[in-house]
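Structure first, commentary second.
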Amino acid sequence: MTSSQAMEVETRTGPLNGLTERLSPHPVVAGLSSGILLWSAFPPVEWSWLAWIALVPLFWLVVQKGPALRLYLGAWAGGLVFWVLSVQWVRLTDPTAWLAWLAMALIFSLWWPGFLALARLSVFRLRLPLMMAAPILWVSMEFIRAFLLTGFPWYYLGHSQFRFLTLIQIADTTSALGISFLVALVNAWFLDLLSLPLLRSSTRGTRLTRRQTVRLWIVTVLMGGSLVYGAYRLSTAQFRAGPRLALLQTNFEQQYKLGNDPLTILERIEHLIERAIAAQPRPELIVWPETAYPYGYIVTDPATPPAELARQVGLISNQITAAEWIDKHKKIAEHLHDLTDRAGVSMLIGSILYDHRPGRFSKYNAAILFQPLVRSVQAYNKIHLVPFGEFVPFLDTLPWLTVFTPY
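If you use our numbering, the sequence shown corresponds to residues 1472 to 1878, in order.
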């Protein structure tokens, strides 16, 4: 070995940056930092640039060799604070919904220590670079979260970049998960910049170490390629004018919507409809808020036997007979068709839909399309419900879980 080679090897083994050695926060502090930073990347704070560094403290836990319990506690604390802040809107549905809010946050927070366990296994046992293991595992867990318990595909890393139009064009090929991969990759790269040897010295001067050079090229190629593709897609995009829509938006508290004053709600919505149709040019479609129609909409299969229909109506309320229920349906349908005819504009109405069929009764969160002078309607029933917000998992097996929802 020559003297120049010896000098190069010697300086490469000791990191010249060494920042992570001087700054060694408690694992809980590191986890909480990631949770708060990542939450701040999403609305309402919406400092989306924070997403590119938010996971650095969490990824730092991956490469630490301290007591495992402290590391996992830190990851769980970070996940908990992130989800408590992110899904706090669940508690707004009803004064009793705070249990559902906390249960939801507690369950989702377990993804973070789960990620930490798999990442540490990949880095220490499988000897994978953090820049490979972290983005692959993070995106894989986002994918699983989209389907587990019907799924909750919200708050992906990639979703934080929704205003970064040039970057997010790759979603037409990679989906939002591809954007999440890039964000996680850059976070891991930043940690490697801080924790791995940065420079090497030799007789030919000072330069980046081989590992840092490879990582820089990976980030440059993937980010640069994504931005070039996005710029191309935006420059060649051709759009045509679509239909003019009017979106109605009330500001009722959820418990007020569920209360006993439907006329006030309808008066407010009809006032908004009058304003919408007075606008020029007139809208071609008026879209109501979700479940805004306070009386519900009833669909009854004529083949449903009267006794079966009476049983199903009894599941809804024991204060009304099947005949009264059918009469209510006729009045509701007449009212909505008349409202649409008078407006002269198609309306997509959000409502609870009661579906009566032989041997089966279902209740849906529906969007129902009414058209002027057309007596048939079309409906889309929401099939992907929010866990604890719109349904309680395992309720049939564990009926006591109703304490988590006011519905």
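Where is the CB? At the ideal position from N, CA and C, for every residue including glycine.
Keep in mind that this is a model prediction, so the values were computed, not measured.
query, result
"Inspect the beta-carbon positions of S1557 and Y1626 and report whether they are closer than 9 Å.", "yes"
"Comparing C-alpha positions only, which one of L1597, G1550 and R1596 sits nearest to M1575?", "G1550"
"Name the DSSP bridge partner or partners of I1578?", "Answer by DSSP bridge pairing: none, since I1578 is not bridged."
"Name the residue from L1648, P1754 and A1548 whose alpha carbon lies nearest to the alpha carbon of L1503.", "A1548"
"For S1833, name the three-state secondary structure that DSSP assigns.", "strand"
"Tell me which residues share the same chain as P1584 and place their Cβ nearer than 6 Å to its Cβ, disregarding the 5 neighbours each side in the sequence.", "Y1543, A1546 and W1547"
"Once DSSP output is grouped into helix, strand and coil, what is the label at F1633?", "coil"
"Going by DSSP in three states, A1712 sits in which element: helix, strand or coil?", "coil"
"Quick one: residues in its chain with C-beta nearer than 6 Å to the C-beta of V1657, no 5 flanking neighbours on either side, listed in chain order?", "W1523"
"Label W1560 either buried or exposed according to how many other C-beta atoms from any shown protein chain fall within 10 Å of its C-beta, with 16 as the threshold for buried.", "exposed"
"Do L1509 and L1526 have their CB atoms nearer than 9 Å?", "yes"
"What does DSSP give as the partner residue(s) for V1421 in the beta ladder?", "Lying before the first or after the last residue shown, residue 1421 is absent from the chain, which here runs from 1472 to 1878."
"Sorted by chain position, which residues of the same chain lie with C-beta nearer than 7 Å to S1580's C-beta, five sequence neighbours on each side aside?", "W1547, G1550, L1551 and W1554"
"Are at least three pairs of beta-carbons, each pair with one atom in the stretch 1829-1847 and one in the stretch 1756-1776, less than 8 Å apart?", "yes"
"Which residue marks the beginning of the beta strand (DSSP E) containing A1850, and which one marks its end?", "Q1849 to N1852"
"Assuming G1713 and L1638 form a contact by the criterion Cβ under 8 Å, report the distance between their Cβ atoms to the nearest whole angstrom.", "That belief does not hold up - the Cβ atoms of G1713 and L1638 are roughly 25 Å apart, past 8 Å."
"Starting from the N-terminal side, write out each stretch of the alpha helix (DSSP H) that is 4 residues or longer and does not extend beyond the stretch 1562-1613.", "1569-1580 and 1582-1591"
"Need the endpoints of the beta strand (DSSP E) that Y1626 sits in, please.", "No beta strand (DSSP E) contains Y1626, which DSSP labels as neither H nor E."
"Excluding the 5 residues flanking A1588 on each side, which residues of the same chain have their C-beta closer than 8 Å to its C-beta?", "Y1543"
"Given this structure, state the Cα-to-Cα distance separating W1759 from P1515, to the nearest angstrom.", "24 Å"
"What do you get for E1755, buried or exposed, if any count of 16 or more other CB atoms within 10 angstroms of its CB means buried?", "exposed"
"Skipping 5 residues on each side, what residues in its chain have a beta carbon closer than 7 Å to that of D1663?", "L1601, M1602 and R1686"
"If you count every other CB in all the chains shown that lies within 10 Å of the CB of I1854, and 16 or more means buried, which is it?", "exposed"
"Alpha carbon to alpha carbon, what distance is there between E1613 and Y1578?", "Note on residue identity: the sequence assigns Ile, not Tyr, to residue 1578. Near 14 Å, if we compare the C-alpha coordinates of E1613 and I1578."
"Pull up the distance between the alpha-carbon of A1747 and that of L1737, whole angstroms please.", "15 Å"
"Once you ignore the five residues that flank V1784 on each side, which residues in its own chain have a CB closer than 6 Å to its CB?", "A1793 and W1796"
"Alpha carbon to alpha carbon, what distance is there between D1812 and P1733?", "21 Å"
"Which term fits I1615, buried or exposed, when burial requires 16 or more other beta carbons within 10 angstroms of its beta carbon?", "exposed"
"Going by DSSP, what residue range makes up the beta strand (DSSP E) through P1765?", "Y1764 to T1771"
"How about I1839 and L1856: are their beta carbons less than 9 Å apart?", "no"
"Under 9 Å between the Cβ atoms of Q1632 and V1610?", "no"
"By the DSSP assignment, the beta strand (DSSP E) with S1495 in it spans what residues?", "Run containing S1495: none; DSSP gives neither H nor E here."
"What residue from V1692, W1572 and A1605 has the CA that sits closest to S1651's CA?", "A1605"
"Which stretch, first to last residue, makes up the alpha helix (DSSP H) that contains G1676?", "Unbroken run through G1676 is the beta strand (DSSP E), G1676 to L1679; no alpha helix (DSSP H)."
"Can you tell me which of the three DSSP states L1669 falls into?", "coil"
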